[in-house]
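First up is the structure itself, then whatever we jot down about it.
In the numbering used here, the protein residues as written are 126 to 750.
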């Protein structure tokens, strides 16, 4: 891509389409807010002609808050503020809500978002058509990524899946986009209305869109290309599992015309020099298709600290992290008035939850409070909440979800779980799944709930009879009001805890403590850190098959490099990267420690931008005789 303009005042650009390349910490949210203010105050644009699309609900709320905060640079008077600030799915939902009769939905329609509900229903749809579980998995993936080249088999499965949803007055997460596009393409009146409301279409996180979302943006901006203003950074595209790809940001001129303008934000306000230059070196090496970037201007005078820690083991790694945290907090001066430590934020970023276990244990020993999304925390209580809601207000999808819990816990004798390997068990599983899936046919034709059809089927369907009896026992145990009986049935039929330690973690909730003062430590995956920032960032697992994970091709490896880039650029002050020479098999999945290799990503940092620390095994002190 050519002719990229370098400017920190892109929001003032008069005309479009505009793609604003906003790297980490360059102020993209500020630019979007200023763009809105510029359109309303300077260009005298009506608020009704502005639509803003954000990536998350939190971002939408944050944008509303910025425009409403008196005294802020982004403040806009109440009568002039745009109200059309949505997530992509929120906008699709509004278009759908105004045209329900076109798909036979009632006003109280339900949106199925949870994959634990969607996946079993997709499997039921596939089995109803005589296909396999593997076929269902492929169809589910095609739908999630909005694959235009999906096979005819996948299309048929999805069609049956949608038929089941509609029979329950429901749509799923992806329908919000798919149906909105369908209405815009097929009805000129709907397209004209929403085009009028989107004369100025502002889109955040453009690097994360998939094919369906691109189609929605293209349709809304078709009549008003000059008002299209999108913000993104192809270096931060990390959601391929749901169809997100940097292709759309890299093909912006191809999609919206050679008259399109590309503007790069130049000033990095969050990332120190060393951090961003090390991160850039990795993504530039492994992502050959990335857009060219000009040199950044760094707002921070401190160049920042990047340290690569070479640890003998994950035990030693946990000790070092704990020591760095304690040292950093102890070096801070106490606030004279409140006598509490100034707020400092710390992220521990891991490839997956298993890499956090030893760190959590060490933090408990050191007395370091932390927030974590790992371990078994929260898992044990989901059946309790689900069953409570199901008893109080039963729905077809809740019933189906509980049945899935019963199947996978091995509680249904006539229907083995997905882990079975013997042919006899596999055949029994397929027969049982057909028994369950067949119930949807009557849901569709008789307009009854899944639970009602299940009850009717007990006389002729042995699988249905066993499931109905188990569900009845769960319901009765709740209605009796005896905690011990309810817990007993839950533990027996859904097996929410794999060990006593996981059970005690759940009931004590020790792993998710939020400190009121002192170090605020969060343990996250690299993906979940996107959009966040912390003073000190620790990235664990800079080893082959962890960071990066095993990848089938160069495109997948490029995304792994972008994922590391995202994690690294969360750091405001210091970045600590950890690799181990020995790691327990529980986290590394390696049978022997000799198989652990240093991540290839570590070989490409600028020599003068980081330091290396080689840690020795901790010596055991001998007791005096």
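Ideal placement from N, C-alpha and C gives every residue a C-beta, glycine not left out.
From a predicted model like this one, the values you see are computed outputs, not experimental measurements.
Taking a contact to require three or more Cβ pairs closer than 8 Å, the region 396-411 and the region 365-378 do not qualify as touching. Restricting attention to alpha helix (DSSP H) runs no shorter than 4 residues, the region 257-305 encloses them at 258-269, 277-292, ordered along the chain. With contacts defined as CB atoms closer than 8 Å, residue 289 and residue 565 qualify as a contacting pair.
Nearest Cα to residue 742 within the set 445, 474, 147: 445.
Boundaries cannot be given for residue 385, as no alpha helix (DSSP H) includes it and DSSP labels it neither H nor E.
Around the beta-carbon of residue 677, fewer than 16 other beta-carbon atoms lie within 10 Å, marking it exposed. Bridge pairing for residue 645: 470 [DSSP]. For the pair residue 693 and residue 329, the Cα-to-Cα distance works out to about 21 Å. Taking all protein chains shown into account, residue 476 has 16 or more neighbouring C-beta atoms within 10 Å of its C-beta and is therefore buried.
For the alpha helix (DSSP H) assignment, the uninterrupted runs of no fewer than 4 residues enclosed by the region 146-233 are, from N- to C-terminal side, 153-162, 182-193, 213-222. No Cβ-Cβ contact shorter than 8 Å links residue 697 with residue 268. Here residue 133 is near residue 392, since their CB atoms are less than 8 Å apart. Per DSSP, residue 680 is one residue of the alpha helix (DSSP H) stretching across 679-693.
In the three-state scheme derived from DSSP, where H, G and I count as helix and E and B as strand, residue 338 is classed as helix.
For the 8 Å CB-CB criterion, residue 209 and residue 294 do not form a contact. A contact between stretches requires three or more CB pairs, one per stretch, nearer than 8 Å, and the region 343-354 fails this requirement with the region 199-215. The Cβ atoms of residue 248 and residue 258 sit closer than 8 Å to each other. By the Cβ-count criterion, residue 299 is buried, with 16 or more other Cβ atoms from all chains shown falling within 10 Å of its own Cβ. Under the DSSP definition of a beta bridge, residue 736 partners with 432. The residue among 420, 397, 401, 572 with its C-alpha nearest the C-alpha of residue 426 is 397. CA-to-CA, the gap between residue 166 and residue 137 works out to about 12 Å. Per DSSP, residue 353 is one residue of the beta strand (DSSP E) stretching across 353-357. Taking C-beta atoms as the reference points, residue 508 and residue 540 fail to come closer than 8 Å. Per DSSP, reduced to three states, the secondary structure at residue 235 is strand.
Taking one beta carbon from each stretch, the region 536-550 and the region 581-600 have 3 or more pairs nearer than 8 Å; the two touch.
Contact between residue 386 and residue 130 holds, with the beta-carbon distance rounding to 7 Å and staying under 8 Å. Residue 709 carries a coil assignment under DSSP once its states are collapsed to helix, strand and coil. The C-alpha of residue 471 is placed about 15 Å away from the C-alpha of residue 656.
Under the 10 Å beta carbon count, residue 274 is surrounded by fewer than 16 other beta carbons and is classified as exposed.
Excluding sequence positions up to five before and after residue 615, its CB lies within less than 6 Å of the CB of 508, all in the same chain and listed in chain order. Per DSSP, reduced to three states, the secondary structure at residue 668 is strand.
Residue 364 carries a coil assignment under DSSP once its states are collapsed to helix, strand and coil. Secondary structure of residue 546 (DSSP, three-state): coil. As a beta-bridge residue in DSSP terms, residue 496 pairs with 647.
Its Cα nearest to that of residue 190, the residue 158 stands out among 221, 219, 158. In this structure, 527 is the residue among 711, 527, 576 with its C-alpha nearest to the C-alpha of residue 620.
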